[in-house]
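Novice: Be aware that the sequence shown starts at 19, since it is given in our numbering, and climbs by one per residue. Ideal Cβ positions, reconstructed from N, Cα and C, are used throughout, including at glycine. Okay, handing you the structure first.
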Amino acid sequence: MSKSLPESNGYIYVEANGGLNQQRTSICNAVAIAGFLNATLVIPNFHFHSIWKDPSKFSDIYDEEHFVKRLQNDVRVVDKVPDYIMERFGHNLSNVINFKIKAWSPIKYYKDVVLPKLVEERFIRISPFANRLSFDAPPVVQRLRCLANFEALKFSNPIATLSETLIARMKEKSVGSNGKYIAVHLRFEEDMVAFSCCVYDGGDEEKKEMDAAREIGWRGKFTKRGRVIRPGVIRMNGKCPLTPLEVGLMLRGMGFSNNTAIFLASGKIYRSEKTMAPLLEMFPLLQTKETLASDEELAPFENFSSRMAAIDYSVCAYSEVFVTTQGGNFPHFLMGHRRYLYGGHSKTIKPDKRRLAILFDNPRIGWKSLKRHLLNMRTHSDAKGVELKRPNESIYTFPCPDCMCRLNRTAHSKPIHPR
């Protein structure tokens, strides 16, 4: 532990909920808050969620030793609260005061409201902790967010080792393009399709499956009295997950040929045998972590959704081009990480899904016309260059300029994987 830090004001314990990258947000924000309040951060606890069903602890996902060491000059981090503190609360965490903080609260709230109680109690909880700090904050807070996200958080050795193996294999599969491949993040898992309330084949079987999935995952949320769901409006607003077929058409229209090496990052695709067939026909060189790794290699990870997502994240990070097909924390964090790795700009395709819906639903459009529109869409994505963070945007998605002192980093000067 660094001797340069002043005496701690107390211990902060947060519960990080959600999937891999929502938890990552919570971790980085907790680091920033603890540093700003001169508090000691307890290694965040990961809340078990009925959707994600992943019981992983912090050290299962991240290199805890590296995390503590990298932050030691800025924030104290411990794996547990000392016994003499816990004695005051009867060694019962539920006796510790829990702050219910509004989403997107400014850092001033933590200074004015949380800090006095922290000094008084010496130990506080904040749960839930998803998105409990505003995007915009003073430079000292933003610096700690950057440090946590881009430097301190490295995936655990088992995840990093397999990820590096799969990256090497993906490059071998891409020999026709000098080891370069594109990565596509496809969100067409059953829970994503169900949550979107979009209609695809429109059959009774799909409706039964989706109704059941919605009830299991979000009991009563979509059947409340007065709630009106308009799938057509949702689609025209660009909110429907793209199908594998639509992704294939989009990529071919954007100029990617059938010998393009593709890494597909995804969970279990809804009705995969049927829905994946056209995409595989259009791109026979398509790979996933399941096709790149043996069953034995994946066995330690396959029942843990966050660990599997971490592998996808790592392989996507080192792709030549990253294609995002749906919003969410995964692409937002990955786009930011790639910008950080590649000097402020990385090749990213973020399609205009409202425009896509109009194009795909037009029965009179010909292939030449469709391709022209899609090529323009790709050009627009590539032409943006270095994008600076604007007010109310996430520093994790737009790390420039707050996280980057210079824009001439080499591609691999800040590796994601610990070695």
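On the DSSP bridge assignment, give the partners of His203 in chain order.
Specialist: Translated into the one-based positions of the sequence shown, residue 203 becomes position 185. According to DSSP, His203 bridges with Ala283 and Thr342.
Novice: Grab me the residues of Ile51's own chain with a C-beta within less than 6 angstroms of its C-beta, minus the 5 sequence neighbours each way, in chain order.
Specialist: Locating residue 51 in the sequence shown gives position 33, counting from the first residue. If we look at Ile51 and ignore the five residues flanking it on each side, its Cβ neighbours are Tyr128.
Novice: Any idea what DSSP makes of Ala186, helix, strand or coil?
Specialist: Taking the first residue of the sequence shown as 1, we reach residue 186 at position 168. Helix, per DSSP.
Novice: Return the chain-ordered list of same chain residues with a C-beta closer than 8 angstroms to the C-beta of Gly28, the five sequence neighbours on each side being excluded.
Specialist: Walking along the sequence shown from the start, residue 28 turns up at place 10. So the qualifying residues of the chain are Ala57, Thr58, Leu136, Val137, Glu139, Arg140, Phe141 and Ile142.
Novice: State the DSSP-derived secondary structure class of Gln90, mapped to helix, strand or coil.
Specialist: Position 72 of the sequence shown, counting from 1, holds the residue named residue 90. Coil.
Novice: Which two residues bound the contiguous beta strand (DSSP E) that contains Ala34?
Specialist: Walking along the sequence shown from the start, residue 34 turns up at place 16. Taken as a continuous stretch (DSSP letters only), the beta strand (DSSP E) holding Ala34 covers Tyr29 to Ala34.
Novice: Could I get the ranges of all uninterrupted alpha helix (DSSP H) runs contained in the stretch 189 to 271, with 4 residues as the minimum, in chain order?
Specialist: 208 to 214, 222 to 235, 249 to 254 and 262 to 271
Novice: Are the stretch 306 to 319 and the stretch 196 to 205 in contact at 8 angstroms, needing three or more beta carbon pairs?
Specialist: The stretch 306 to 319, when compared against the stretch 196 to 205, does not touch it at the 8 angstroms Cβ threshold.
Novice: If you draw a straight line from the alpha carbon of Gly37 to that of Ser323, how long is it in whole angstroms?
Specialist: Looking up residue 37 in the sequence shown gives position 19. Looking up residue 323 in the sequence shown gives position 305. The alpha-carbon atoms of Gly37 and Ser323 are separated by roughly 8 angstroms.
Novice: How far does the beta strand (DSSP E) with Ile144 in it extend, from its first residue to its last?
Specialist: Along the sequence shown, read from residue 1 onward, the residue named residue 144 stands at position 126. Unbroken beta strand (DSSP E) run through Ile144: Phe141 to Ile144.
Novice: Starting from Thr58, trace the alpha helix (DSSP H) both ways and give me its first and last residue.
Specialist: Taking the sequence shown and counting its residues from 1, one reaches residue 58 at position 40. For Thr58, there is no enclosing alpha helix (DSSP H); the enclosing beta strand (DSSP E) covers residues Thr58 to Val60.
Novice: Is the beta carbon of Ile45 closer than 7 angstroms to that of Pro73?
Specialist: As a working mapping, residue 73 is identified with position 55 in the sequence shown. As a working mapping, residue 45 is identified with position 27 in the sequence shown. Cβ distance not < 7 angstroms, so Pro73 and Ile45 don't count as in contact.
Novice: Just curious, the alpha helix (DSSP H) that Met395 is in, first and last residue?
Specialist: For the purposes of this step, residue 395 is taken as residue 377 along the sequence shown, with counting starting at 1. Element bounds for Met395: Trp385 to Asp400.
Novice: Just to confirm my understanding: we take Gly354, look at its own chain, exclude 5 residues before and 5 after, and list those with CB closer than 6 angstroms. What are they?
Specialist: Numbered from 1 along the sequence shown, position 336 holds the residue referred to as residue 354. Cβ neighbours of Gly354 beyond the five flanking positions: Tyr414, Thr415 and Pro417.
Novice: Which residue wins for smallest C-alpha separation from Asn321, given the options Ser290, Lys286, Phe301 and Tyr336?
Specialist: Locating residue 321 in the sequence shown gives position 303, where the first residue counts as 1. Taking only the C-alpha atoms, the option nearest Asn321 is Lys286.
Novice: Grab me the residues of Pro438's own chain with a C-beta within less than 8 angstroms of its C-beta, minus the 5 sequence neighbours each way, in chain order.
Specialist: A question about residue 438 goes unanswered here, because the residues of the chain that appear run from 19 up to 437.
Novice: Quick one: complete beta strand (DSSP E) runs, 3+ long, within the stretch 79 to 130?
Specialist: 94 to 96
Novice: Going by beta-carbon coordinates alone, are Leu450 and Ile280 separated by less than 7 angstroms?
Specialist: Residue numbering for the chain in the displayed model covers 19 to 437; residue 450 lies beyond these limits and cannot be assessed.
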